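Visitor: Please see the structure below; I have some questions.
Number of protein chains: 2
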Amino acid sequence: MASQTSLALDNQLCFSLYRAQRLVTRTYHQLLQELHLTYPQYLVMLALWEEGGELGMKELATRLELDSGTLTPLIKRLIALNLLQKERSAEDERRTILRLTEAGHSLHHRAEQVPEQLHALCTGEGVNLPVLKSELDSLARRLSS
Amino acid sequence: MASQTSLALDNQLCFSLYRAQRLVTRTYHQLLQELHLTYPQYLVMLALWEEGGELGMKELATRLELDSGTLTPLIKRLIALNLLQKERSAEDERRTILRLTEAGHSLHHRAEQVPEQLHALCTGEGVNLPVLKSELDSLARRLSS
DNA sequence: CTTATATAGATTGTACACAATTTAATAGCG
DNA sequence: CGCTATTAAATTGTGTACAATCTATATAAG
Numbered sequence: 001m002a003s004q005t006s007l008a009l010d011n012q013l014c015f016s017l018y019r020a021q022r023l024v025t026r027t028y029h030q031l032l033q034e035l036h037l038t039y040p041q042y043l044v045m046l047a048l049w050e051e052g053g054e055l056g057m058k059e060l061a062t063r064l065e066l067d068s069g070t071l072t073p074l075i076k077r078l079i080a081l082n083l084l085q086k087e088r089s090a091e092d093e094r095r096t097i098l099r100l101t102e103a104g105h106s107l108h109h110r111a112e113q114v115p116e117q118l119h120a121l122c123t124g125e126g127v128n129l130p131v132l133k134s135e136l137d138s139l140a141r142r143l144s145s
Numbered sequence: 001m002a003s004q005t006s007l008a009l010d011n012q013l014c015f016s017l018y019r020a021q022r023l024v025t026r027t028y029h030q031l032l033q034e035l036h037l038t039y040p041q042y043l044v045m046l047a048l049w050e051e052g053g054e055l056g057m058k059e060l061a062t063r064l065e066l067d068s069g070t071l072t073p074l075i076k077r078l079i080a081l082n083l084l085q086k087e088r089s090a091e092d093e094r095r096t097i098l099r100l101t102e103a104g105h106s107l108h109h110r111a112e113q114v115p116e117q118l119h120a121l122c123t124g125e126g127v128n129l130p131v132l133k134s135e136l137d138s139l140a141r142r143l144s145s
C-alpha cells in the first residue's frame, strides 16, 4: 500500500532525528554527571560563560529559544546549586538579570574537557559533523520561517 | 581564549540538533492537532499500523528505544482515547499485547496526509533530507555502540 | 494624568524522558 | 522439585518542554 510506505518512510526520517537527539542528550548526561548538570542546564551555563557571567533572562530565552515555563524552574535549580543568582534590573523592574557566582565561574574550568570528549564520542565512520550541523541549521531556518 | 571557542563551537553543533528536534516536534504538533495525538503518540500509532494493529509492549519499546517509564503512561492515554487496548499474553503472563481498536484502525486514513505535509514544510533551500537522515543514523549508530 | 496596551516573568497543567526501584511471572540450575 | 536469576511492566521521582493564564511593570494615547 502506498500510504503504508509513506507513513513508514516518514517514520524513518523523523524518528532518526528524535532518536539521535535523545542519544546525544544521554551522552551529555554521562559527561556532565560529575558537574551535576543536566544538558539544558549546561546550555544555560554555556551562554553565561560566553557572556562573561551576566545575561538577562529575556536574552537567554531568545538565545536558547525556550520560554519562561521551561527556564524559570531550570534557573531555580541552578540557583539552588549555587552557580548563579537572580536580580531585578534597576532600569526596568520587569526584567531579571542572571549573574554567575564564584562557583559558577569556576565550573567553567571543569567543563572545558566536555566538548572534546563529546566530539570524540560522536566522531566515526559515516559521521560528518559539519555537514550534519549545516543540514540541521537549514532545516531549523526552514521551520522557523 | 581557546576554551571559550571550544565551548562555543560545541554549543553550536549540539544546540543545532537540540533546536531542530524541538522545531520538528512543534511542527508535528500542529499537523497532529486534529488527530488529538502528540508526536510520541503518533510514533506508537505508526508502529501499530505497520504491524497490522497488534504489537507487544516489549517490541514497541525496542522499536522506539523507549522504556516502560515513558511508554506505560503514554499507552494509558491512547487507551483513554479509545485507540487501542491492552491485554496479557496467554503464553507468558508477564507480557502485554497492544491491539488497535476500530477507532485506532480508522485513524490510519486520517493520518495518511501527515507525512507529505511535513515533508513539504521541511523541504527548502539547503535542506537535503536523505543526507540529513543518513548523518543522523550514522551518529546514532556511533552513540549506540 | 489616566487609561489602554504591551512586555517580562511566574505559575499552572499536561505530556514526555529516563534513572531507579518494585512486583509478578518465567526460566534455569542443582 | 525447589531455589535463584532473569525478564516484563509498573511505579516513583526528577527534570525538561510548552501552551495558556496570571501578575506586575512600563509605555503610549488621549
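These protein sequence lines map, in sequence, to chains S and H.
Mapping of the first sequence onto UniProt numbering: position 78 corresponds to residue 78, and the numbering continues sequentially without gaps.
Mapping of the second sequence onto UniProt numbering: position 13 corresponds to residue 13, and the numbering continues sequentially without gaps.
Glycine included, each C-beta is placed from N, C-alpha and C at the ideal position.
Quantities reported herein were computed from a predicted structural model and do not represent experimental measurements.
1) Among K133/S, R22/S and A140/S, which has the Cα closest to the Cα of L13/H?
2) By the criterion of Cβ-Cβ separation under 9 angstroms, what are the contact partners of D137/H in chain S?
3) Let me make sure I understand the geometry here. Which of L143/S, E93/S, A20/S and V127/S has the alpha-carbon closest to that of L66/H?
4) At 4 residues or longer, what runs of the alpha helix (DSSP H) sit wholly inside the stretch 40 to 70 of chain H?
5) For a contact defined as C-beta to C-beta under 8 angstroms, what are the partners of S144/H on chain S?
6) Please state if the CB of L136/S and the CB of L17/H are separated by a distance shorter than 8 angstroms.
7) Could you tell me the alpha carbon to alpha carbon distance between Y28/H and G69/H, rounded to whole angstroms?
8) Output needed for R99/H: all residues of its chain with C-beta closer than 7 angstroms, excluding positions within five of it in sequence on either side, in chain order.
9) Can you tell me whether G104/H is buried or exposed, with buried defined as 16 or more other CB within 10 angstroms of its CB?
10) Closest by CA to G124/H, which one among Y42/S, L118/S, L139/S and M45/S?
11) By the criterion of Cβ-Cβ separation under 8 angstroms, what are the contact partners of V44/S in chain H?
12) Quick check: what's the CA-CA separation for H119/S versus D92/H?
Guide: On the basis of the supplied data:
1) K133/S
2) Q12, S16, R19, A20 and G126
3) With distances taken between CA atoms, L66/H lies nearest to A20/S out of L143/S, E93/S, A20/S and V127/S.
4) Those alpha helix (DSSP H) runs which fall completely within the stretch 40 to 70 of chain H and span 4+ residues are 57 to 64.
5) Here the neighbours are L23.
6) yes
7) 23 angstroms
8) G53, E54, L84, Q85 and E87
9) So G104/H counts as buried.
10) L139/S
11) Neighbours of V44/S on chain H: none; closest Cβ ~11 angstroms, over 8 angstroms.
12) 44 angstroms
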